[in-house]
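Under my numbering, residue 884 is the last one in the sequence shown; the count climbs by one each step, no gaps.
Glycine residues also receive a C-beta, built at the ideal position from the N, C-alpha and C atoms.
Bear in mind that the values here come from a model prediction, so they are computed numbers and not experimental data.
Just below is one structure, and these are the notes that go with it.
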Amino acid sequence: MSDELTTTLRELAQEHETPPTIPGAEIRRRAVRRRTRRRGAVLAGGAAAAVGVLVFALTANVGGQTTEERAIPADTASSASQASPVSLVGTADLARRLLTVAGRELPISSGTAEGFTPQGRMTVVAKYRTKRMPADGMGTGKDMGGEYEVTLPWVIELRTPDNRTNYVVAMTYNESAPGRLDATHGWIGLRSVDAEWLYEQLRPGEVLVVEGTATSTESSS
664 MSDELTTTLR
674 ELAQEHETPP
684 TIPGAEIRRR
694 AVRRRTRRRG
704 AVLAGGAAAA
714 VGVLVFALTA
724 NVGGQTTEER
734 AIPADTASSA
744 SQASPVSLVG
754 TADLARRLLT
764 VAGRELPISS
774 GTAEGFTPQG
784 RMTVVAKYRT
794 KRMPADGMGT
804 GKDMGGEYEV
814 TLPWVIELRT
824 PDNRTNYVVA
834 MTYNESAPGR
844 LDATHGWIGL
854 RSVDAEWLYE
864 QLRPGEVLVV
874 EGTATSTESS
884 S
């Protein structure tokens, strides 16, 4: 019985033994190593954060440049369109009374001596399915008063070289004139079916060239 008690007491004493003492020099070396590891970790984290900020700044800067390059002011785009040969889509020959667009020849009626049709490069600036137009541009030869207007379909607004406005219109009031007679006060007149086709073809910014000399005599064709 005493032997068992002795063994038990010895085991308890071994479990509660004080761990061997570490020399002071070893404690200092361990502390230095811990500080060195912590300092390295902080430096590595700071470098990673700096790289992340630099990458973000470069990415944001590149994105800003791309946006600015793609943004073209409306007036700049219009000027480029007028200057570009690609925007030239057709020619109106006043002497032959023909407007040629996309290989198709459309009979036209242009201005009389009292209201000639301007020549040169004409830029399309707007289109109207219907538009109230002043009657003095119709060339009817009748005095209808300065305030009289008529509503016409398939109207295309043009800008002349000297920054005036002219129109391509459907001559619903005189369908027989295009190709035979110059009967407007400057407008380029088309038959209704041709005016509708042209309306669908042309886009703002595209250019028509108007050339030749109109005549008021009636064509035999």
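Looking only at Trp850, Gly849, Arg795, Ala789, the smallest Cα-Cα distance to Leu815 is reached by Arg795. Bounds of any beta strand (DSSP E) do not take in Tyr836, whose DSSP letter is neither H nor E.
Excluding residues up to 5 positions away in sequence, Pro781, Gly783, Met785, Asn829 lie with their Cβ nearer than 8 Å to the Cβ of Thr823 in the same chain. Judged by DSSP secondary structure, Leu861 falls within the alpha helix (DSSP H) whose first and last residues are 855-864. Beta-bridge partners of Leu815 (DSSP): Lys794. The C-beta distance from Gly875 to Arg759 rounds to 7 Å, short enough to meet the 8 Å contact threshold. With respect to the 8 Å criterion, Thr763 and Thr775 are not classified as neighbours on the basis of their beta carbons. For Ser773, the three-state secondary structure derived from DSSP is coil.
If you draw a straight line from the Cα of Leu871 to the Cα of Asp756, it comes to about 11 Å. If the five residues before and after Asp845 are omitted, its C-beta is found closer than 6 Å to the C-beta atoms of Ser772, Ser773, Thr775, Ala877, Ser879, all from its own chain and listed in chain order.
Excluding sequence positions up to five before and after Ala798, its CB lies within less than 7 Å of the CB of Met807, Tyr811, Glu812, Val813, all in the same chain and listed in chain order. Under the DSSP assignment, Glu874 falls in the beta strand (DSSP E) whose first and last residues are 870-874. In its chain, beyond the 5 residues on either side, Gly774, Thr775, Glu777, Gly778, Asp799, Gly800, Met801, Gly802 have a beta carbon closer than 8 Å to the beta carbon of His848.
Out of Lys790, Leu769, Val818, Val873, the CA that lies nearest to the CA of Arg866 is found in Lys790. Membership of Leu751 in the beta strand (DSSP E) is indicated by the continuous run 751-756. Shown here for Asp857: same chain residues with a beta carbon closer than 6 Å to its own, the five before and five after excluded, namely Leu769 in chain order. By the neighbour-count criterion, in which a residue is buried when 16 or more other Cβ atoms sit within 10 angstroms of its Cβ, Glu863 is exposed.
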